[in-house]
Amino acid sequence: MSGVRAAAAIALRDLMGVARARSQLYSSVLTPLLFLVFLGNGVSHGLEPAALPAGNFTAYLVAGTVVMTSVFSSTFSSASYYRDRDSGFLRLLLSSPHSPRTVMLGKSLAAMTIGALQAALVLAVAAPFVDFGWQYGIGGGIALALLTVVLLNLMLTGLAQALATRVHSMQGFHLVMNLALFPLLFFSGAFFPVDGLPAWMKVLAYVNPLTYAVDGLQLATYATGSGGFIGYGIDFAVLGVLGAAVYGLGLSRVPKLTYSGQ
Amino acid sequence: MSSAIAAREIRRSYGDRAALDGFTLEVPAGSIFGVLGPNGSGKSTFLALVAGAERPPSGTLTILGEAPHPRLRARIGTVFQENASDPLMSPREYLLFAATLFGVDGGTARRRADELLERFGLAGRANDPISTLSGGTRRRLEAARALLHRPELLLLDEPTTGVDPEERRLLWETVRAERGGATVLLATNDLHEADAVCDLVAFVQAGRVVAAGAPAELKRDLRRQAVRVELNAPDPGTVERIAAEAGLDRVTVLDGEVLVMTDDATALVPRLFAAAGNAIRGLRIEEASLEDAYFQYIQRRAEAVR
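Residue numbers (the working numbering), protein chains in the order written: chain A, 71 to 332; chain B, -13 to 292.
Here is the structure:
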């Protein structure tokens, strides 16, 4: 029980840290919204993407932007590991009676919550301005979108944590995260539909876990039917299994209290 | 008297470098025990091992009568060499957060935090961001945090580095008053501070304890007086020549001064003037300090290794 309290206290402290860092908070929500406004409108009006089911690229782009928000958010939140290491705070956590896994669990819970909240906020702000199908109703759609976002952030936080405990410098961590996640974002259907892609790109898209998050979010909000989509059965199975596995990997290696506290 | 810490032949390496190399030490319960040594001698490595209640890779370690185990960390309070606070938190938030980590209940934690903020002179800054506190104030906050859960063993790793004399006095007075019966293990390279506050000390060099005992005992075992000679040009050749002509077998050059330990300074000084003549710019005679004892032990050890 005291371990749960400690993990909750660590998570709360990280959440308060983000709430106090106003610039990080605002930019993490404003950047994806600006992206949505400019790229969405630019492509909708400049290229007239008639191939899209609703013919509206901005509405199509919302799911991808929410996934992109989660990718950036989990990366930035997990970088708090480095800040705590460099400020010495990690030493206090590791000298407490709790296992390093409890410490990492608390930190990852915060990262996951921040990522999910920011993604949900982007969805909430964008939704009134675009034409969504809401095929499961607004309530059902929001619930399905939130579940998708939570599973996605479970996986992303696990990945970020697994890297943070293995890559020594924060610069290296950002580099590896960007290198791994940017291509995945392109092949996920976030910015253009997977259906019309060449075969080799389709293969890459279907082995890409982000594709299943974009699909889940599209089904919940934008889609008016299930044709051309992967479907929730596979989406949740892939995201759930991968999320649990990668999250477990993230907790598999823990820092130790050493003479330098690193 | 029982031992708060008993370490036997502990070895720990980082790559090729042996940080602890047969480290053996016994810290009596209830004492204020100083571990003294230069940077990189192994003091902080040993403290981190105890703070983490970690089983050593080689050798044996007993902490508060038990084999190392993470649960023991609830009975230990640690001030690390560098601050461990979150600069975005306020001192009160930091103490309450630490209280949760160390299992102190809400009401007790709030009372204890307020009490320690008052005792350490932090009450006026209790709600300011830690990032706005001075270095000395942050060190006092670290000490308050380490004492919050009333530990039985308090580990202080260079707690007063960068702290001005007034704050240092306040910090030590409060630590002594608030520790209850807790054992204090202090790692420092400030020998004057150790002489003033410690019941017992150990000199550490290259990962080993080279001498241990009460400061007075360690000083008694050595020569009683320290003659510090300031030369016009303290180059090795001049120092060697003076040592040979004055019949000295052991001299130490420290901070540009030549340090000679003796039992009879009045007999030594004329010999020094005869040997060095007008090369001497100044000279003073002092009762041997813990610092002098430390350098003699370290020098003896270096000679023994050679």
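The C-beta atom is built at its ideal place from N, Cα and C for all residues, glycine as well. Values in this document were obtained by computation on a predicted structure and should not be read as measured data.
For residue i versus residue j, is the C-beta spacing smaller than 9 Å?
i	j	result
Leu221 of chain A	Phe257 of chain A	no
Gly38 of chain B	Ser169 of chain A	no
Ser144 of chain A	Gly185 of chain A	yes
Pro145 of chain B	Glu159 of chain B	no
Phe189 of chain B	Val196 of chain B	yes
Thr248 of chain B	Gln211 of chain B	yes
Lys29 of chain B	Thr147 of chain B	no
Glu68 of chain B	Lys326 of chain A	no
Ser164 of chain B	Leu102 of chain B	One detail in the question is off: residue 164 of chain B reads as Glu in this sequence, not Ser. Closer than 9 Å, so yes.
Val136 of chain A	Leu85 of chain A	no
Phe9 of chain B	Gly45 of chain B	yes
Arg257 of chain B	Ala232 of chain B	yes
Arg157 of chain A	Asp278 of chain B	Residue identity differs from the one stated: residue 157 of chain A is Ser in this sequence, not Arg. Against a cut-off of 9 Å, the Cβ pair of Asp278 of chain B and Ser157 of chain A comes out as no contact.
Val173 of chain A	Ala77 of chain A	yes
Pro167 of chain A	Ser72 of chain A	yes
Arg98 of chain B	Pro77 of chain B	no
Val316 of chain A	Leu245 of chain A	no
Ala81 of chain A	Thr235 of chain A	no
Val149 of chain B	Gly121 of chain B	yes
Leu58 of chain B	Thr31 of chain B	no
Arg204 of chain B	Ala168 of chain B	For the sequence presented, residue 204 of chain B should be read as Leu rather than Arg. No, they are not a contact pair.
Gln205 of chain A	Leu289 of chain A	yes
Ala(-7) of chain B	Glu12 of chain B	yes
Ala132 of chain B	Leu119 of chain B	no
Val237 of chain B	Val225 of chain B	yes
Ser178 of chain A	Gln94 of chain A	no
What distance in whole Å lies between the Cβ atoms of residue j and residue i, which are believed to be in contact at a cut-off of 8 Å?
i	j	result
Ala181 of chain A	Ser148 of chain A	5 Å
Leu47 of chain B	Ile(-4) of chain B	6 Å
Leu276 of chain B	Leu134 of chain B	Wrong, their Cβ atoms sit about 31 Å apart, outside the cutoff.
Ala(-10) of chain B	Pro24 of chain B	So it is not a contact: roughly 25 Å between Cβ atoms.
Gly320 of chain A	Thr227 of chain A	7 Å
Thr294 of chain A	Ala133 of chain A	Going by Cβ atoms, the distance from Thr294 of chain A to Ala133 of chain A rounds to 14 Å, so no, they are not a contact pair.
Val141 of chain A	Leu255 of chain A	6 Å
Pro220 of chain B	Val187 of chain B	Actually they are not in contact, since the Cβ atoms of Pro220 of chain B and Val187 of chain B sit about 29 Å apart, beyond 8 Å.
Arg136 of chain B	Gly166 of chain B	6 Å
With residue i as the anchor, note down where its alpha helix (DSSP H) starts and where it stops.
i	result
Tyr80 of chain B	77 to 87
Val293 of chain B	The structure shown does not extend to residue 293 of chain B, since chain B spans only -13 to 292, so no value can be given for it.
Leu160 of chain A	159 to 164
Tyr130 of chain A	127 to 148
Pro253 of chain A	240 to 256
Val237 of chain A	Run containing Val237 of chain A: none; DSSP gives neither H nor E here.
Val273 of chain A	269 to 276
Gln94 of chain A	92 to 116
Pro279 of chain A	279 to 291
Ile304 of chain A	302 to 320
Thr224 of chain B	222 to 231
Thr31 of chain B	29 to 37
Leu47 of chain B	Premise fails: Leu47 of chain B lies in the beta strand (DSSP E), 44 to 49, not in any alpha helix (DSSP H).
Thr94 of chain B	92 to 105
Ala265 of chain B	Here Ala265 of chain B belongs to no alpha helix (DSSP H), and DSSP marks it neither H nor E.
Which two residues bound the contiguous beta strand (DSSP E) that contains residue i?
i	result
Val21 of chain B	18 to 22
Leu171 of chain B	169 to 174
Thr160 of chain B	Where Thr160 of chain B is concerned, there is no enclosing beta strand (DSSP E), although the alpha helix (DSSP H) it sits in stretches over 151 to 164.
Gly199 of chain B	194 to 199
Ala274 of chain B	Neither: Ala274 of chain B is in no beta strand (DSSP E) and is coded neither H nor E.
Val200 of chain A	First-last for Val200 of chain A: undefined, no H or E at that position.
Val(-2) of chain B	Checking the displayed sequence, the identity of residue -2 of chain B turns out to be Arg instead of Val. That run of the beta strand (DSSP E) goes -11 to 0.
Arg3 of chain B	3 to 14
Asp249 of chain B	Run containing Asp249 of chain B: none; DSSP gives neither H nor E here.
Thr118 of chain B	Neither: Thr118 of chain B is in no beta strand (DSSP E) and is coded neither H nor E.
Leu217 of chain B	211 to 217
Val65 of chain B	62 to 65
At a cut-off of 8 Å, would you count residue i as near the ligand SAM, judging by its Cβ distance to the nearest heavy atom?
i	result
Glu68 of chain B	For the ligand SAM, the structure offers nothing, since it holds no ligand at all.
Along chain D, which residues have their Cβ under 7 Å away from the Cβ of residue i?
i	result
Pro43 of chain B	Here chain D cannot be found, since the structure's protein chains are A and B.
query = Taking Cβ-Cβ distances below 9 Å as the criterion, which residues of the region 90 to 111 of chain A are in contact with chain B?
reply = Arg90, Ala91
inquiry  = I want to know whether the region 84 to 99 of chain A touches the region 100 to 112 of chain B - three or more CB-CB distances under 8 Å.
reply    = no
key: Near-chain B residues of the region 168 to 185 of chain A (beta-carbon distance less than 8 Å), N- to C-terminal order   = His168, Ser169
message = Pairs of beta-carbons, one from the region 307 to 319 of chain A and one from the region 9 to 24 of chain B, closer than 8 Å: are there three or more?
response = no
query = Of the residues that make up the region 142 to 157 of chain B, which ones have a beta carbon closer than 7 Å to any beta carbon in chain A?
reply = none
ask   = Closer than 8 Å, Cβ to any Cβ of chain B: which residues of the region 302 to 327 of chain A, in chain order?
value = Lys326, Leu327
message = Does the contact criterion of 3 or more C-beta pairs under 8 Å hold for the region 200 to 216 of chain B versus the region 259 to 277 of chain B?
response = yes
query = Counting Cβ pairs, one atom from each stretch, are 3 or more of them under 8 Å apart for the region 223 to 240 of chain A and the region 107 to 119 of chain A?
reply = no
key: Against chain B: residues of the region 144 to 161 of chain A by CB proximity under 7 Å   = Ser157, Gly158, Phe159, Arg161
Members of the region 34 to 61 of chain B near chain A, C-beta cut-off 9 Å = Ala34, Leu35, Ala37, Gly38, Ala39, Glu40, Pro56, Arg57, Leu58, Arg59, Ala60, Arg61
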